[in-house]
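Enquirer: Numbering (my numbering), first residue to last: 3 to 1025.
Note that CB positions come from ideal geometry on N, CA and C, so glycine has one too.
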């Protein structure tokens, strides 16, 4: 059968819609629904459905459409193996169409069938069968097939009953109801026309029959639970009535000549005339029709009678009891004997409930807040509600028009806007589709939902402009809030890291002013009874000069906040002047228009006030005020920490400065200058240090060091090392021995203490420099010719990690050379490694030294010292050009000098007591030559005592050296390593008073070891 289902696309679509509409139906409702639409699709007059009865009772009538009850009774039960079209369709399992002429051939068979069905009544009365047979044959002999009317008594054969031929010009199309178990019945349609139904009509009926058959298999139509296609044992008339009542359809006949109408009981009930006569007049019917519907209804029936067609209408009725309702009626005009329209037969059913539901839906759609319109499959507009008119235009001008043409007329390009592609995609996919579009005519945004329906497409358009606007505003507010919260989080982090007052002020200015749109910020701190301006942003530098340090009572806003510990929010200048009249001129001077004065409270103490100001009048909301109060609390904590840190940092820096030399000594051996550059604020004090220590024999010790780490303990360690170096230098230890002693000292401090140190001794008499290093960068030398180099030396590990002995290096330096000592903070940073820093240092030294006047006759006094000071400044500026120092740095520069040869006298003395006399003569003569006769007597006594000790306690060779430098230096050396010491001689002791005499006469005296023994020296001040 599938091969013959030939129909056009529109017909197939319509059948799919019908099948989808009846998907929830079962039983009698299903049969009535399928039959009604089969009659419509075939253009038939009426139809019926037969199902096989139980126990071989034949085919039983289960549903009718367009057939009056008097005719339907003749088809209540037919022989299953008879020659009727339904029987043949069930037997053969294929559609059967019987034209009007086939009735003659099957009269006997039909009569036999009917006789068997009424065998008991016929035997009793003896005339039934004969009467019926004669009537049927008379109809055949007449040749019209319509000798009797459709309203004939049920016991008389109808013109197209099983016992008679079909009406001329008609036919009966019977389609089997096929299931996998075989045919269970037949669906028959009474067709009108000379020929058999068209392939499209027959295909439509077959499709509906196939669909109904499959549904019958899903759910039995019998009431007793029998198998599909089986019926109960109720009498046929009862089943027919139940079927008609189940589908709530009445039938009627209308004699067009007389106007008489015949209504069955369901029709009477539907029209509100239960219990009245079935014979009614045309006037009775028109009296029931609502006056508003009667005119068009009469026109509709008149056209159906004229065209001998089918009339399908829905109209309102007013029942005798006063109620109103809706009914649907379907009728077909039948021809009379003369070929004209004689009568109309049809069905009627109550549609009040469905109409109310449809009207409610229509009203809801019409007045719903969202735009709604519908189009059919040809894109013709079928419905437009009030809101949709705002998009498309007035509804009465749009209905029936093509959607794309309507959009073009109002200036909308559906393709460019994407409407056409989305609408067509929804239809092609058969699935709802949603998208958002900005409507060009009103520039509003709509969320469109396109829903395909069986007969076309529906479009819902919700105006989401305000929603999107609110969403945008909400999103913008959320972004602002998120940005503000992020800044507050940043502020909290920055304040937590802030160490100094300036750090706190910078963090607050950066992260508070911008989020709130503020243009000024100032922090007032209360110290005693006075106000101190800790810092400000957005104000002229001189604005607070007149209130900085004044009593707190004279600054009204600060005084109020300090006393009440409550914030003060001032929205305008007028409010400020009214609130603080004594400071009425301040707003104009500051060019501010609104303020928030916030208390700074720490541990229950008010330490001041933070003022946030705005250049325009502004009222801060509750959330903003809460945030500002919260921020002021964070700032108060940070400010208190900064104050404590600043105080501690100042104490630490004072300690460090106290541990460094306050001034460098002036000596003939070298001219020196130094710089100490502390790390930036926020970094704890470091352990960099330097020193210049005068030694015997006009020598000088240059020392520089760095205690690793930062803090007070490191600064204290630096002080201890500097003191130790002074002590060890006074003991005349060599660089290697001194570093060994320092290493022991640092090791005793603990495993976590380390330090670097470079110790150099310069002798101006020989121009030699001897130095040792413990993990420290090598010294640099700038020669008089302008070249620079680093003195090569194998470095030892830092103090605290080294293992003695320490290596020493001795070099000869030209006169007026620059010996440069430094710490790693000067040459090393996060962006520069130590090798790059040392190279940079040499370039800076050469450039700075070239600017100095190193003439032969240069004054070695104040002018030379100032020159070195400038050199230090230039080097520091070159290496540390305003950078953020993470480590402190120290720089020590010494210009070397040489003692002239004529200021040095050296003699080797004889062994024995005569050496003392020789020494006195040499001293007397040399001092006379140097014109230092005033020092001769004392010098002779000193040298006589020193030589006497050497002769008595030392060993040869004994030598004497006189040096004319800052003072007169007398040195006596011998080969012994034993050093003299002062002892308290008793009154009876003959000796032991020589060194006491030396200590009394000399300005300074001492002893040191030499490479060949020892040297005892004295120094006298030169007048």
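1. Using the three-state DSSP reduction, which class does residue 1009 fall into: helix, strand or coil?
2. State the CB to CB distance for the pair residue 844 and residue 891, rounded to an integer number of angstroms; the pair is presumed to be in contact (CB under 8 Å).
3. Sort 771, 611 and 644 by Cα distance to residue 501 and report the nearest one.
4. What's the C-alpha gap between residue 192 and residue 324?
5. Do residue 1030 and residue 598 have their CB atoms nearer than 8 Å?
6. Do residue 806 and residue 777 have their CB atoms nearer than 8 Å?
7. Suppose contacts are defined by Cβ-Cβ distances below 8 Å. Is residue 269 in contact with residue 335 by that definition?
8. Straight-line CA distance for residue 483 to residue 652?
9. Counting Cβ pairs closer than 8 Å, one from the stretch 871-889 and one from the stretch 651-666, do we hit at least three?
10. Using alpha carbons as the reference points, say which of 582, 732 and 536 lies closest to residue 641.
11. Answer yes if the stretch 342-357 comes into contact with the stretch 436-443, meaning at least three C-beta pairs across the two stretches below 8 Å, and no otherwise.
12. For a quick check, are the C-beta atoms of residue 971 and residue 1021 less than 8 Å apart?
13. Tell me whether residue 955 is buried or exposed, calling it buried when 16 or more other Cβ atoms sit within 10 Å of its Cβ.
14. Using the Cα positions of residue 622 and residue 571, report the straight-line distance between them to the nearest angstrom.
15. Whole alpha helix (DSSP H) runs in the stretch 289-341 with 4 or more residues, listed along the chain?
16. At which residues does the beta strand (DSSP E) containing residue 1016 begin and terminate?
17. According to DSSP, residue 438 sits in a beta bridge with which residue or residues?
18. Looking only at its own chain, which residues have a Cβ that is under 8 Å from the Cβ of residue 48, when we skip the five neighbours before and after it?
19. Where does residue 674 land, buried or exposed, given buried means 16+ other C-beta within 10 angstroms?
20. Expressed to the nearest angstrom, what Euclidean distance is found between the alpha-carbon atoms of residue 1018 and residue 977?
21. Check whether the stretch 520-538 touches the stretch 603-615, taking contact to mean three or more Cβ pairs, one atom from each stretch, closer than 8 Å.
22. Where does residue 371 sit, in a helix, a strand or coil, going by DSSP?
23. What are the boundary residues of the beta strand (DSSP E) that includes residue 198?
24. Is it buried or exposed for residue 568, if we count other Cβ within 10 angstroms and need 16 for buried?
25. Measuring CA to CA, which of 421, 580 and 474 is closest to residue 461?
26. Can residue 514 be considered in contact with the ligand MN, in the sense that its beta carbon sits closer than 7 Å to one or more heavy atoms?
27. Apart from the five residues on each side of it in sequence, which residues of its chain come closer than 8 Å, Cβ to Cβ, to residue 769?
28. My understanding is that residue 456 touches residue 18, with C-beta atoms under 8 Å, so please give their C-beta distance in whole angstroms.
29. At the level of alpha carbons, what is the spacing between residue 141 and residue 184?
30. Please report the Cβ distance between residue 697 and residue 731, rounded to the nearest whole angstrom; I am assuming they are in contact, meaning their Cβ atoms lie under 8 Å.
31. Could you spell out the range, first to last residue, of the alpha helix (DSSP H) harbouring residue 647?
32. Kindly list the residues whose CB is nearer than 6 Å to the CB of residue 925, restricted to its own chain and excluding five residues on each side of it in sequence; keep chain order.
33. When burial is assigned at 16 or more other CB atoms within 10 Å of the CB, is residue 737 buried or exposed?
34. Does residue 601 pass the burial test, meaning 16 or more other C-beta atoms within 10 Å, or should it be called exposed?
35. Can you give me the Cβ contacts of residue 263 inside the same chain, cut-off strictly under 8 Å, excluding the 5 residues immediately before and after it?
36. Using the beta-carbon count (16 or more within 10 Å), is residue 513 buried or exposed?
Expert: Straight from the coordinates:
1. strand
2. Between residue 891 and residue 844 the Cβ distance is about 17 Å, and since that is not below 8 Å, they are no contact.
3. 644
4. 38 Å
5. Shown here, the chain extends from 3 to 1025; a query on residue 1030 therefore has no answer.
6. no
7. no
8. 40 Å
9. no
10. 536
11. no
12. yes
13. exposed
14. 8 Å
15. 296-309
16. 1016-1023
17. 449
18. 41, 66, 67, 68, 69, 191, 192, 334 and 347
19. buried
20. 12 Å
21. yes
22. coil
23. Element bounds for residue 198: n/a, residue is neither H nor E.
24. exposed
25. 421
26. Within the structure as shown, the ligand MN is missing, as the structure has no ligands at all.
27. 814, 815, 816, 817, 898 and 900
28. 7 Å
29. Summary for residue 141: the model assigns pLDDT 33, below 50, so the residue's position carries little reliability, and this model does not support an answer.
30. 6 Å
31. 624-661
32. 941, 942 and 945
33. buried
34. buried
35. 254, 255, 256, 257, 281, 282, 283, 284, 286 and 287
36. buried
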